[in-house]
Amino acid sequence: MAHRKKVLLKVIILGDSGVGKTSLMNQYVNQKFSNQYKATIGADFLTKEITIDEKLVTMQIWDTAGQERFQSLGVAFYRGADACVLVYDITNPISFEKLDSWRDEFLAQAGPRDPENFPFIVLGNKVDQENERRVPTQKIELWCKAKNAQQPMSFFETSAKEATGVEEAFQTIAKIALQKGQDDDIFVPAATIDLSGAATKSSGGCC
Amino acid sequence: MRAVAVRESNMKKFERLKENEGIERRLDGFVSNQQSNEPKQSFESLKSTKIKASKEHFVAMILISQGWITPQDTLYLTILSCKKQCRRLRDGIPAQLRASWWINLAWKDQTLVSHDSSIFFHELLEDQCNIIPHLAHTGVEGEIRRDLFRTFPQEVYFDASTTQPGHIQLANILMALSKYFPDIGYCQGMNYVVGKLLLLWYQDYQQQQLTLDHEEEIFWVVAGIIKNHQLHSLWAPSMPGYLQLFDLFTNETTRLRKHIFALQKLMAQFLPQLASHLRQIGMHAGYFATQWFATLFSRVLSLDAFATVWNLFLVDGFKLLFRLALLLLSYMQLDLLQ
Numbered sequence: 001m002a003h004r005k006k007v008l009l010k011v012i013i014l015g016d017s018g019v020g021k022t023s024l025m026n027q028y029v030n031q032k033f034s035n036q037y038k039a040t041i042g043a044d045f046l047t048k049e050i051t052i053d054e055k056l057v058t059m060q061i062w063d064t065a066g067q068e069r070f071q072s073l074g075v076a077f078y079r080g081a082d083a084c085v086l087v088y089d090i091t092n093p094i095s096f097e098k099l100d101s102w103r104d105e106f107l108a109q110a111g112p113r114d115p116e117n118f119p120f121i122v123l124g125n126k127v128d129q130e131n132e133r134r135v136p137t138q139k140i141e142l143w144c145k146a147k148n149a150q151q152p153m154s155f156f157e158t159s160a161k162e163a164t165g166v167e168e169a170f171q172t173i174a175k176i177a178l179q180k181g182q183d184d185d186i187f188v189p190a191a192t193i194d195l196s197g198a199a200t201k202s203s204g205g206c207c
Numbered sequence: 001m002r003a004v005a006v007r008e009s010n011m012k013k014f015e016r017l018k019e020n021e022g023i024e025r026r027l028d029g030f031v032s033n034q035q036s037n038e039p040k041q042s043f044e045s046l047k048s049t050k051i052k053a054s055k056e057h058f059v060a061m062i063l064i065s066q067g068w069i070t071p072q073d074t075l076y077l078t079i080l081s082c083k084k085q086c087r088r089l090r091d092g093i094p095a096q097l098r099a100s101w102w103i104n105l106a107w108k109d110q111t112l113v114s115h116d117s118s119i120f121f122h123e124l125l126e127d128q129c130n131i132i133p134h135l136a137h138t139g140v141e142g143e144i145r146r147d148l149f150r151t152f153p154q155e156v157y158f159d160a161s162t163t164q165p166g167h168i169q170l171a172n173i174l175m176a177l178s179k180y181f182p183d184i185g186y187c188q189g190m191n192y193v194v195g196k197l198l199l200l201w202y203q204d205y206q207q208q209q210l211t212l213d214h215e216e217e218i219f220w221v222v223a224g225i226i227k228n229h230q231l232h233s234l235w236a237p238s239m240p241g242y243l244q245l246f247d248l249f250t251n252e253t254t255r256l257r258k259h260i261f262a263l264q265k266l267m268a269q270f271l272p273q274l275a276s277h278l279r280q281i282g283m284h285a286g287y288f289a290t291q292w293f294a295t296l297f298s299r300v301l302s303l304d305a306f307a308t309v310w311n312l313f314l315v316d317g318f319k320l321l322f323r324l325a326l327l328l329l330s331y332m333q334l335d336l337l338q
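These protein sequence lines map, in sequence, to chains A and B. Each residue of the first sequence is one higher than the one before, starting from 1 at the first, in UniProt numbering. Each residue of the second sequence is one higher than the one before, starting from 1 at the first, in UniProt numbering.
1. On the three-state DSSP scale, how would you describe ASP89 (chain A)?
2. Following the continuous alpha helix (DSSP H) through GLU54 (chain A), name the residue where it begins and the one where it ends.
3. Would you mind stating whether ASP82 (chain A) and VAL11 (chain A) have Cβ atoms separated by less than 8 Å?
4. What do you reckon, are the CB atoms on CYS144 (chain A) and PHE155 (chain A) nearer than 8 Å?
5. Quick one: Cα of SER42 (chain B) to Cα of GLY286 (chain B), how far?
6. Go through its chain and collect everything with a Cβ distance to LYS152 (chain B)'s Cβ below 8 Å, but skip five positions before and after it.
7. Using a Cβ-Cβ cut-off of 7 Å (strictly less than) and excluding sequence neighbours within five positions of GLU132 (chain A), which residues of its own chain qualify?
8. Span of the alpha helix (DSSP H) holding ASN117 (chain A)?
9. Taking the C-alpha atoms as reference points, what is the distance between ALA188 (chain B) and VAL122 (chain A)?
10. How would you label residue 214 (chain A), buried or exposed, when you count the other beta carbons within 10 angstroms and need 16 or more for buried?
11. Using three-state DSSP, classify ALA43 (chain A) as helix, strand or coil.
12. Do ILE260 (chain B) and THR295 (chain B) have their C-beta atoms within less than 8 Å of each other?
13. What residues in its chain sit with their C-beta under 6 Å from that of VAL31 (chain B), if we drop five residues either side in the sequence?
14. Looking at the C-beta of ILE13 (chain A), does it have a partner C-beta in chain B at a distance below 8 Å?
15. Could you tell me whether the Cβ of LEU256 (chain B) comes closer than 8 Å to any Cβ of chain A?
16. Taking the C-alpha atoms as reference points, what is the distance between VAL4 (chain B) and LEU135 (chain B)?
17. Using the beta-carbon of each residue, which ones in chain B are nearer than 9 Å to ALA43 (chain A)?
18. Kindly confirm or deny that the segment 143-151 of chain B and the segment 31-48 of chain A touch, where touching means at least three C-beta pairs closer than 8 Å.
19. Less than 8 Å between the CB atoms is what I'm expecting for ASN125 (chain A) and SER159 (chain A), so what's the real figure, rounded?
20. From residue 343 (chain B) to HIS167 (chain B), what distance separates their C-alpha atoms?
21. Going by C-alpha to C-alpha distance, which of A:SER95, A:THR40, A:GLY165, A:PRO119 sits closest to LYS139 (chain A)?
22. Output the boundary residues of the beta strand (DSSP E) element that contains LYS10 (chain A).
23. So ARG150 (chain B) contacts chain A; which residues on that side make the cut at Cβ distance below 8 Å?
24. Do MET190 (chain B) and ILE131 (chain B) have their C-beta atoms within less than 8 Å of each other?
25. Starting from GLU216 (chain B), follow the alpha helix (DSSP H) in both directions and report where the run begins and ends.
26. Starting from PHE156 (chain A), follow the beta strand (DSSP E) in both directions and report where the run begins and ends.
27. Which stretch, first to last residue, makes up the alpha helix (DSSP H) that contains PHE318 (chain B)?
28. Thinking just about the alpha-carbon of each residue, which of B:ALA160, B:TRP102, B:LEU124 is nearest to the one in LYS179 (chain B)?
29. Output yes if chain B places a C-beta closer than 8 Å to the C-beta of GLY181 (chain A); else output no.
30. Rounded C-beta distance between VAL19 (chain A) and VAL87 (chain A)? I'm assuming under 8 Å.
31. Apart from the five residues just before and just after GLY15 (chain A), which ones in its own chain have a Cβ nearer than 7 Å to its Cβ?
32. GLN188 (chain B) CB to nearest chain A CB: under 8 Å?
33. Closest Cβ-Cβ distance between GLN169 (chain B) and chain A: below 8 Å?
34. Does the CB of THR138 (chain B) have a neighbour CB from chain A at under 8 Å?
35. Let's test the definition: count the other Cβ atoms within 10 Å of the Cβ of HIS284 (chain B) and tell me whether it reaches 16, buried, or not, exposed.
36. With a CB to CB cut of under 8 Å and the five nearest residues on each side skipped, what residues in its chain are close to THR51 (chain A)?
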């Protein structure tokens, strides 16, 4: 897509609190792991420049708060997202069961043009704690197929601690999002400007 | 006569202290690496009015420092419950008075009877000194458990490599709060507020081991602000059922969203250039303000700055936090506009 000067991919990381969203983001962007991350409140983002098919792409990765009651604030961050990374913890079955609601809530709040084919990827984190695993791999495989039989979501089992599968996973989501973005550009050639201000107007009614 | 002389010299000392550490100076200290003076002018109106020095300022403190009264005395409470005194004392409080002073401010006109409150706190914890082993892995208790080691892990007091006394105290207080306010349960943000208060108490008591009594003090400070400073709806999840239906029409959920909306309006009014710049780049105020408000600035401020802000916050309430947010943004404005 030659008319695009710069490619920016906005990627949102979602999942229950404590599954390792901040760790995954930091491992991918800074190649670092620490067990001293503070619980995320609201949201935070990091950017990383990568090259995909000889094209320079800036990934803007948004790390979000995992506690459910912060979800209603998500709309401000989800707007204009190009892809979404759903994370669960393989040692915590509840975090796996919540994937559905994270996905649905994201689609409801972000309101993408083509929700059926919106680029999602699923990461089962903490595989370094294999002996405490409580979510078998088949389960996530089935879940991905159930969501979209023709084009099942990709999933990776990762360890932010040991950097297992992290690079691969983010590369994959970047590729899928880029492909999707190019498909969409055929219909909407102009670069979209995200006016988040417009989103906040609807959240009003306070004064 | 001698007593009078001592008292006068003490007063002078206090006044000097006050002049040296005026509130404006302290607010400036928050962002010490910023040297820009330009955006400040428009902010004079936002800052609290400068408090004039007066001899009555520190009556309560002098009485205490002379050993004439203790924080448990009725006289002391009477002095504290005088609104004028509250306003005058708000920009500085000696460490040994902080607990009783803050509980008093947090509970405003309602007096706490310390004896009863202590029993109450222990009942909430079911007489456990360490609630951690009793915390479930799911629900509210699971959420508290998960955040214990993710609250200021860089601080030695909360060093995440082993279970510290700080973690136990944090767990006890959060658990007691969740039982006291079952409709709030636990909201992320409370962990930082309680954690910061523990760090402050630890500093105030010269790094001596904090006891259950201190936990109880912090519990009542936070319980007080939740009840009396409209923080209830800040931390409570949006009501199920009818509010969600309501939501469809007004898009209205939590107070946090309202606060962020209000901050955006204030930014448009007081920092129009910055507000339009942020709108242009699609940066919603929720990005930075969610954390500021949900943690009542406990996550970002240094311990001293936090103590100063809370002295004011406990008197002025949430509007102080809006002022602070605008002040911080005004200091960062030049950098943000680049």
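Yeah, the Cβ is synthetic: ideal placement off N, Cα and C, and Gly gets one too. For clarity, every value in this text was computed on a predicted model and none was experimentally measured.
Result, derived from the coordinates:
1. By 1-based counting over the first sequence, the position of residue 89 (chain A) is 89. Note: ASP89 (chain A) maps to strand in three-state DSSP.
2. In the first sequence, the residue the question calls residue 54 (chain A) occupies position 54. Looking at the DSSP string, GLU54 (chain A) is not in any alpha helix (DSSP H), and its letter there is neither H nor E.
3. Locating residue 82 (chain A) in the first sequence gives position 82, where the first residue counts as 1. Locating residue 11 (chain A) in the first sequence gives position 11, where the first residue counts as 1. Result yes, Cβ atoms of ASP82 (chain A) and VAL11 (chain A) sit closer than 8 Å.
4. In the first sequence, residue 144 (chain A) corresponds to position 144, counting from 1. In the first sequence, residue 155 (chain A) corresponds to position 155, counting from 1. Cβ distance < 8 Å, so CYS144 (chain A) and PHE155 (chain A) count as in contact.
5. Within the second sequence, residue 42 (chain B) is the residue found at index 42, counting from 1. Within the second sequence, residue 286 (chain B) is the residue found at index 286, counting from 1. Interpretation of SER42 (chain B) is limited by its pLDDT of 37, a score under 50 that renders its predicted location unreliable; the figure taken from the coordinates is listed afterwards. One C-alpha to the other measures close to 23 Å.
6. For the purposes of this step, residue 152 (chain B) is taken as residue 152 along the second sequence, with counting starting at 1. In the sequence on display, residue 152 (chain B) carries Phe and not Lys. Correct list, in chain order: PHE158, TYR192, GLY195, LYS196, LEU199.
7. Indexing the first sequence from 1 puts residue 132 (chain A) at position 132. Cβ neighbours of GLU132 (chain A) beyond the five flanking positions: THR91.
8. The residue labelled residue 117 (chain A) in the question sits at position 117 within the first sequence. Premise fails: ASN117 (chain A) is in no alpha helix (DSSP H) and is neither H nor E.
9. If you number the second sequence from 1, residue 188 (chain B) lands on position 188. If you number the first sequence from 1, residue 122 (chain A) lands on position 122. Contrary to the premise, residue 188 (chain B) reads as Gln rather than Ala in this sequence. For GLN188 (chain B) and VAL122 (chain A), the distance between alpha carbons rounds to 25 Å.
10. Absent from the structure is residue 214 (chain A), since the part of chain A shown begins at 1 and ends at 207.
11. Numbered from 1 along the first sequence, position 43 holds the residue referred to as residue 43 (chain A). Looking at ALA43 (chain A) - three-state DSSP - the assignment turns out to be strand.
12. In the second sequence, counting from the first residue as 1, residue 260 (chain B) sits at position 260. In the second sequence, counting from the first residue as 1, residue 295 (chain B) sits at position 295. No, the Cβ-Cβ distance between ILE260 (chain B) and THR295 (chain B) is not below 8 Å.
13. Against the second sequence, residue 31 (chain B) aligns to sequence position 31. The predicted position of VAL31 (chain B) is uncertain, since its pLDDT is 33 and thus under 50; a value taken from the coordinates is nonetheless stated next. Here the set comprises TYR331.
14. Along the first sequence, one-based indexing puts residue 13 (chain A) at 13. No - not a single Cβ of chain B is within 8 Å of the one on ILE13 (chain A).
15. Numbered from its first residue, the second sequence carries residue 256 (chain B) at position 256. It does: the Cβ of LEU256 (chain B) has a partner Cβ on chain A nearer than 8 Å.
16. Indexing the second sequence from 1 puts residue 4 (chain B) at position 4. Indexing the second sequence from 1 puts residue 135 (chain B) at position 135. Reliability fails at VAL4 (chain B), whose pLDDT of 43 lies under 50, so the model's placement of it is uncertain and no value is given.
17. Reading the first sequence from its first residue, position 43 is the one you call residue 43 (chain A). Correct list: GLY286, TYR287, THR290, GLN291.
18. yes
19. Within the first sequence, the letter at position 125 stands for residue 125 (chain A). Within the first sequence, the letter at position 159 stands for residue 159 (chain A). Right, their Cβ atoms sit about 7 Å apart.
20. No information on residue 343 (chain B) is available, as it lies outside the stretch 1 to 338 that chain B covers here.
21. Counted from its first residue, the first sequence places residue 139 (chain A) at position 139. Looking at the Cα atoms, A:SER95 is the closest of the given residues.
22. Here residue 10 (chain A) refers to the residue found at position 10 of the first sequence. From DSSP, the beta strand (DSSP E) with LYS10 (chain A) extends over 7-15.
23. Taking the first residue of the second sequence as 1, we reach residue 150 (chain B) at position 150. Correct list: GLY18, TYR37, LYS38, ALA39.
24. Counting from 1 along the second sequence, the entry for residue 190 (chain B) is found at position 190. Counting from 1 along the second sequence, the entry for residue 131 (chain B) is found at position 131. No. Outside cutoff.
25. Translated into positions along the second sequence, residue 216 (chain B) becomes position 216. Residues 212-228.
26. The residue you call residue 156 (chain A) lines up with position 156 of the first sequence. Run containing PHE156 (chain A): 154-157, per the beta strand (DSSP E) assignment.
27. Within the second sequence, residue 318 (chain B) is the residue found at index 318, counting from 1. First-last of the alpha helix (DSSP H) with PHE318 (chain B): 318-337.
28. Working through the second sequence from its first residue, we reach residue 179 (chain B) at position 179. That would be B:LEU124, whose Cα lies nearest to the Cα of LYS179 (chain B).
29. On the first sequence, position 181 is the one that residue 181 (chain A) refers to. Chain B contact via Cβ: absent.
30. Here the question's residue 19 (chain A) lines up with position 19 in the first sequence. Here the question's residue 87 (chain A) lines up with position 87 in the first sequence. Contact flag correct, Cβ pair sits at about 5 Å.
31. Here residue 15 (chain A) is taken as the residue at index 15 of the first sequence, counted from 1. The residues are LYS21, GLY66, LEU86, VAL87, TYR88, SER95, TRP102.
32. Taking the second sequence and counting its residues from 1, one reaches residue 188 (chain B) at position 188. Closer than 8 Å to some Cβ of chain A, the Cβ of GLN188 (chain B) qualifies, so yes.
33. Here the question's residue 169 (chain B) lines up with position 169 in the second sequence. Chain A, which has no Cβ nearer than 8 Å to the Cβ of GLN169 (chain B), makes this no.
34. Your numbering for residue 138 (chain B) matches position 138 in the second sequence. Closer than 8 Å to the CB of THR138 (chain B) there is at least one CB belonging to chain A.
35. On the second sequence, position 284 is the one that residue 284 (chain B) refers to. Buried.
36. Sequence index remark: in the first sequence, residue 51 (chain A) carries index 51 (1-based). Correct list, in chain order: VAL57.
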